Amino acid sequence: MNMLPPAARCAFSIEGDADPARTHANAFRALGLSLDSHRGEDLAVRSPIDGALLATLSVHGAADIEAMVARARTAFLAWRSVPAPRRGELVRRFGNLVRDNIEPLSALLSAENGKILEEARGEVQEVVDICEFAVGLSRQLYGLSIASERPQHRLTEYWHPAGVLGLISAFNFPAAVWAWGTTVALVCGDSAIWKPSEKTPTTALAFVGLLQRAMRDFDAAPAHLVQLAIGGADLGRALADHPGVDILSATGSTAMGRDVAERTARRFARSILELGGNNAMIVTPTAELDLAIPAITFAAAGTAGQRCTTLRRLIVHADRKAELLDRLIPVMSRLETGNPLRPGVQVGPLIDGDAFRRMQAALERARAEGGLVHGGERIEDGLPADGYYVRPAIVEMPGQTPIVCEETFAPILYVMTYRTLEEAIALQNAVPQGLSSSIFTMDMREAEYFQSALGSDCGIVNVNIGTSGAEIGGAFGGEKQTGGGRVSGSDSWKNYVRRATATVNYSSALTLAQGVRFDVIEDDRATAPQQGGN
Ligand code: NAD
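Below, the structure is given as structure tokens:
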């Protein structure tokens, strides 16, 4: 990443200009960063807003991964010796740079990914938040002190840096998912190689550019501590296969995760998988619709239905379906769809034409399986011809048919009914994915039952709040075909360290565990339990 001298920076304001290519170029200038050293002819990066060319980049090949892993290993060997709180200081400096540049970072993220500016700001804020979380963690990488069964023995567990992290990320959270894993891995003492989505490489270049700036005046940080691999799935596969990558974190579709999981399992590497979701909300007889309607709308239509936690299935009590849909359908149809850089727009474009075609194919299948579709059509009036804008769809289904059990990465909300809570929970759990879930109820028994072992089988279990928009403090991830991984939050840092269990004998006898006797010295002194030591 080229860095321009500070004098070349310009003040940044998006106001009055919603042109994606210009916004993208201005944002890079405001950040004092340039794409010049990455320009090439391999990868055309287009804005989903209007199809404008944002950059043409050269990509890495699988052979480059070899050299990157070797450099990452060297960096790791130096970084692991730096005290953890000092490692946290680097993350703190990076977090401050991100905080100082929220506006240009949000604008370029929105221009490249298509999410509305407000949500892009939220994603950049999430990067700041996880930096703060990681800085705090850098002084809390606690081990355990365990009661030993043997006299004058000390039994402890502690954590060491694990090695090289390979991180593959998806297009829909082009910055936050990387930051979740990488900032925590950095304070844990690991080095990292990031393979971002080929649809959002310039956002990755901007964030890594700022990290490199934070490292410039930070002597303790070795070269190549964090590297970027720009390109497609072949690079992800090369990382998953490489014996020098100790931890492989992969966020994306279940199909991708299955491939990565098999590759890493074959070589016994650790994997952290954050895969597809098929998230549901149960709306009960006591649900407050004034809360539920906005929650459903944001969860189903926010980010144009392209969040892993997007609400895709609404399981509503049969007695409340008519009332709910009478209010929800007009709200969803009134959402302002358009250029996500414009103020007031609530739904941006789908990432590309393929996403649009997959959405239309899913709606066709839903009709064939008995669904009644509201919305879902392409919106072209006054919008760029090369952007794929849609009205979010609500589909009344006769039951949980095969299409409902699949994740279609677009704003489609399937609606089904239930009679008993057990029936609703069974429906909710009867899909292959297990990421996020929610219930709207004022009945304490229902809320508790839903969260209990008999309730939702998901990694995220919410009450009177939607399925999307998690905070960074809690562990984030899901079960079943969502992969079981927890990239960040809570004690997920333990994914980025290796555990050592240490037993220290400070007595003058060799006592075996479980009372085993194994006498090799004639006077039997060696295995006799002793009190008092010296
Ligand atoms: P995708 O699976 O197409 O691509 C994700 C990343 O994996 C990209 O960087 C891609 O180049 C790489 N990749 C693709 N195939 C690969 C392979 N065989 N081996 C190694 N790398 C490979 O996903 P996408 O379209 O970018 O993102 C949407 C998907 O991501 C949805 O399914 C969504 O639910 C999921 N997602 C999950 C989470 C989560 O935390 N659970 C978060 C964000 C997105």
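Take the sequence shown: its position 214, counting from 1, is numbered 195 in the numbering used here, and each next residue is one higher.
Idealized CB from N, CA, C, for every residue including glycine.
On a predicted model such as this, the values are computed, not experimentally measured, just so you know.
| Item | Value |
| --- | --- |
| Distance cut-off 8 Å: E361 Cβ against heavy atoms of ligand 1 | no |
| Euclidean distance between Cα positions of N445 and A236 | 32 Å |
| Coarse secondary structure for E403, derived from DSSP in three states | helix |
| Rounded Cβ spacing between R372 and G352 (contact assumed at less than 8 Å) | R372 to G352, Cβ: 16 Å. No contact. |
| Close-in-space but distant-in-sequence residues of the same chain around Q409 (CB under 7 Å, 5 per side omitted) | A261, I263, I296, S418 and S437 |
| Distance between A268 and F421 (C-alpha atoms, nearest Å) | 5 Å |
| Residue environment, D110, which counts as buried when at least 16 other CB atoms sit within 10 Å | buried |
| Close Cβ partners of C(-9) (< 8 Å) along its chain, the five nearest in sequence each way excluded | Low confidence applies here, because C(-9) scores a pLDDT of 43, under 50, leaving its location unreliable; read the following figure in that light. Same-chain partners within the cutoff: N7, R10 and A11. |
| Beta-carbon proximity of A603 to N94, cut-off 9 Å | Here the chain comprises residues numbered -18 to 515, so residue 603 is not present and cannot be evaluated. |
| Whole-Å CB distance - A411 paired with I393, under 8 Å assumed | Contact doesn't hold; Cβ gap of about 18 Å is too wide. |
| Validate contact between the segment 63 to 81 and the segment 191 to 206 using beta carbons, cut 8 Å, 3 pairs | yes |
| For I(-5), the three-state DSSP class (helix, strand or coil) | coil |
| N- and C-terminal bounds of the beta strand (DSSP E) containing V50 | Taken as a continuous stretch (DSSP letters only), V50 belongs to no beta strand (DSSP E), being part of the alpha helix (DSSP H) at A43 to W60. |
| Under the three-state DSSP convention, the category T291 falls into | coil |
| Beta-carbon gap between A231 and G464 smaller than 9 Å | yes |
| Euclidean distance between Cα positions of P66 and V168 | 7 Å |
| Distance cut-off 8 Å: M237 Cβ against heavy atoms of ligand 1 | yes |
| Classification of V165 by the beta-carbon crowding that lies within 10 angstroms, buried from 16 upward | buried |
| Same chain, Cβ closer than 7 Å to D333, neighbours up to 5 away in sequence not counted | P29 and Y369 |
| Status (buried if at least 16 other CB within 10 Å, exposed otherwise) for S469 | buried |
| First through last residue of the alpha helix (DSSP H) which encompasses T184 | P182 to R197 |
| Beta strand (DSSP E) runs wholly inside the segment 218 to 267, at least 3 long, in chain order | 228 to 232, 251 to 255 and 260 to 264 |
| Extent of the continuous alpha helix (DSSP H) run through V105 | L98 to L118 |
| Sequence-distant residues of its chain with Cβ nearer than 6 Å to G466 (five each side left out) | I253, L254, E255 and G458 |
| Buried/exposed call for Y487, threshold 16 Cβ in 10 Å | exposed |
| Contacts around I360, its chain only, beta-carbon distance under 7 Å, and the 5 residues preceding and following it disregarded | T318, Y370, V371 and R372 |
| V501 (DSSP reduced to helix, strand or coil) | coil |
| Beta-carbon proximity of G225 to W60, cut-off 9 Å | no |
| Three-state secondary structure (DSSP) of I420 | strand |
| For T184 and G190, the rounded distance between their alpha carbons | 10 Å |
| Helix, strand or coil at R10 [DSSP, three-state] | helix |
| beta-carbon L288 near ligand 1 non-hydrogen atom, thresh 8 Å | Sequence check: residue 288 is Arg here, not Leu. R288: yes, Cβ under 8 Å from ligand 1. |
| A156 CB to nearest heavy atom of ligand 1 below 8 Å | no |
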